[in-house]
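Chemist: One structure follows; several queries about it will come next.
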Amino acid sequence: MQFLSRKETRNKIVILNPKGGCGKSTIATNIAACYASRGMSPALMDFDRQASSIAWLQRRPTDLPQIHGIDAHKKSMQATRSWQLRVPSDVRTLIVDSPASVTHDDLRELTRDSSSILVPVLPSPMDIHAASRCIADLLLVAKVNRNERKLAVVANRTRKNTKSFAQLMRFLDSLGIPIVAVLRDTQNFVYSAEHGIGVHEMQPSRVRPDVKQIDMLVDWLDRWEDRRKRAIEISNISRQRVSPSAILQKNSASGLTSLY
37 MQFLSRKETR NKIVILNPKG GCGKSTIATN IAACYASRGM SPALMDFDRQ
87 ASSIAWLQRR PTDLPQIHGI DAHKKSMQAT RSWQLRVPSD VRTLIVDSPA
137 SVTHDDLREL TRDSSSILVP VLPSPMDIHA ASRCIADLLL VAKVNRNERK
187 LAVVANRTRK NTKSFAQLMR FLDSLGIPIV AVLRDTQNFV YSAEHGIGVH
237 EMQPSRVRPD VKQIDMLVDW LDRWEDRRKR AIEISNISRQ RVSPSAILQK
287 NSASGLTSLY
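The sequence shown begins at 37 in the working numbering and counts up one residue at a time.
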């Protein structure tokens with residue numbers, strides 16, 4: 037697995053959970069459609085062998101805003117991997133639909149230079165367990181820094197007022213990681229997947245609650261530059277607190293001298 041060199045101005049959004057069927061492609065395609073409807077011309081990179089996102093793009097009506105697709109799960113002997121994964125220079129938003137299972141090396145590569153990482157979670161004990169393992173790997177293996185505040189959870193296919201939903205929300209609250217969207221268990225997402233569109237591109241009266249959640253999600257994603265700047269500020273403050281030179285400068289300014 038390989039990406040091109042770092043792009044500081046690119047919003048790289050990674051949707052990741054090793055468990056299949058948790059809705060990664062649903063979330064990836066709806067984010068892409070939302071950005072496209074705003075005139076952002078995003079790219080959608082699909083690493084999953086099922087190629088659900090690429091198939092969605094192939095079904096997309098030609099009269100709708102287009103999205104650049106990158107079929108990353110295929111490997112060609114006629115081109116280098118870097119060429120296959122190239123992203124157009126004018127693309128500022130890259131959505132990565134990750135595969136169902138990844139090695140530790142692939143996990144590090146997928147999340148490298150990411151501005152946001154989304155973990156979809158379904159309301160079932162098995163999915164909650166898988167999500168907890170995924171988040172642990174992101175923190176311990178991929179070394180995602182909590183101070184960067186780029187890791188978030190999306191609760192998917194939820195039904196409120198059920199025990200499973202209550203259990204899921206208790207688990208998510210315990211993580212200390214933001215829940216940026218709670219998507220309903222609705223046929224609207226099934227319909228949009230089948231027709232190559234996002235819920236933003238459906239009859240508004242039919243999808244209003246779903247559009248609201250996707251808007252909340254994208255609004256959080258759009259704040260990636262502010263989160264990155266804040267993380268740098270926190271990192272600089274932390275260095276100053278423990279830096280010996282900073283301590284010496286402070287002591288010198290206050291008239292203190294070393295006892296040794």
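Backbone N, C-alpha and C define an ideal beta-carbon position, used for all residues, glycine too.
By alpha-carbon positions, which one of V216, L154 and K179 ends up nearest to A167?
Modeler: For the purposes of this step, residue 167 is taken as the residue at position 131 of the sequence shown. The option with the nearest alpha carbon to A167 is L154.
Chemist: When we look at the beta-carbon of N197 and count the other beta-carbons within 10 Å, is it buried (16 or more) or exposed?
Modeler: Position 161 of the sequence shown holds residue 197. By the neighbour-count rule (16 or more Cβ atoms within 10 Å), N197 is not buried but exposed.
Chemist: Assuming the contact rule is C-beta atoms closer than 8 Å, S129 and N47 should be a hit. Round their C-beta distance to whole Å, please.
Modeler: Against the sequence shown, residue 129 aligns to sequence position 93. Against the sequence shown, residue 47 aligns to sequence position 11. The amino acid at residue 129 is misidentified as Ser; the sequence shows Thr. That belief holds up - the Cβ atoms of T129 and N47 are roughly 5 Å apart, short of 8 Å.
Chemist: Do you know offhand how far F201's Cα is from H165's?
Modeler: As a working note, residue 201 is residue 165 in the sequence shown. As a working note, residue 165 is residue 129 in the sequence shown. About 15 Å.
Chemist: Which of the three DSSP states is assigned to D258 in this structure?
Modeler: On the sequence shown, residue 258 is found 222 positions in, with the first residue counted as 1. Correct three-state label for D258: coil.
Chemist: Quick one: Cα of S228 to Cα of A108, how far?
Modeler: The count along the sequence shown starts at 1 and reaches residue 228 at position 192. The count along the sequence shown starts at 1 and reaches residue 108 at position 72. The straight-line gap from Cα to Cα measures roughly 23 Å.
Chemist: According to the neighbour-count rule (16 or more other Cβ atoms, all chains shown, within 10 Å of its Cβ), is R42 buried or exposed?
Modeler: Here residue 42 refers to the residue found at position 6 of the sequence shown. Reliability fails at R42, whose pLDDT of 47 lies under 50, so the model's placement of it is uncertain and the value that follows must be treated cautiously. Counting Cβ neighbours within 10 Å, R42 comes out exposed, since fewer than 16 surround it.
Chemist: State the start and end residues of the unbroken alpha helix (DSSP H) segment that holds I164.
Modeler: For the purposes of this step, residue 164 is taken as the residue at position 128 of the sequence shown. Per DSSP, I164 belongs to the alpha helix (DSSP H) from P161 to L176.
Chemist: For the alpha helix (DSSP H) that A191 lies in, which residues bound it at each end?
Modeler: Taking the first residue of the sequence shown as 1, we reach residue 191 at position 155. Looking at the DSSP string, A191 is not in any alpha helix (DSSP H); the run it does join, the beta strand (DSSP E), is L187 to T194.
Chemist: Can you name, in chain order, every residue of its own chain whose Cβ lies under 7 Å from the Cβ of H140, other than the five neighbours on each side?
Modeler: The residue you call residue 140 lines up with position 104 of the sequence shown. The answer, listed in chain order, is V177.
Chemist: Where does the unbroken beta strand (DSSP E) through L154 begin, and where does it stop?
Modeler: Sequence index remark: in the sequence shown, residue 154 carries index 118 (1-based). Per DSSP, L154 belongs to the beta strand (DSSP E) from S152 to V157.
Chemist: Have a look at P161 and D126 and give me their C-alpha separation to the nearest angstrom.
Modeler: In the sequence shown, the residue the question calls residue 161 occupies position 125. In the sequence shown, the residue the question calls residue 126 occupies position 90. P161 and D126: Cα-Cα distance of roughly 42 Å.
Chemist: Give the range of the beta strand (DSSP E) segment to which T129 is assigned.
Modeler: Sequence index remark: in the sequence shown, residue 129 carries index 93 (1-based). Segment T129 to D133, the beta strand (DSSP E) holding T129.
Chemist: Can you give me the Cβ contacts of P156 inside the same chain, cut-off strictly under 7 Å, excluding the 5 residues immediately before and after it?
Modeler: By 1-based counting over the sequence shown, the position of residue 156 is 120. Taken in chain order, the residues that qualify are I51, N53, C58, G59, K60, I63, V190 and N192.
Chemist: Going by C-alpha to C-alpha distance, which of G212, D173, R169 and K199 sits closest to A188?
Modeler: As a first step, residue 188 must be located in the sequence shown, where it is residue number 152. With distances taken between Cα atoms, A188 lies closest to G212.
Chemist: Within its chain, find whatever has a CB closer than 7 Å to the CB of R263; leave out the 5 residues flanking it on each side and keep chain order.
Modeler: Your numbering for residue 263 matches position 227 in the sequence shown. E184, R185 and K186, listed in sequence order.
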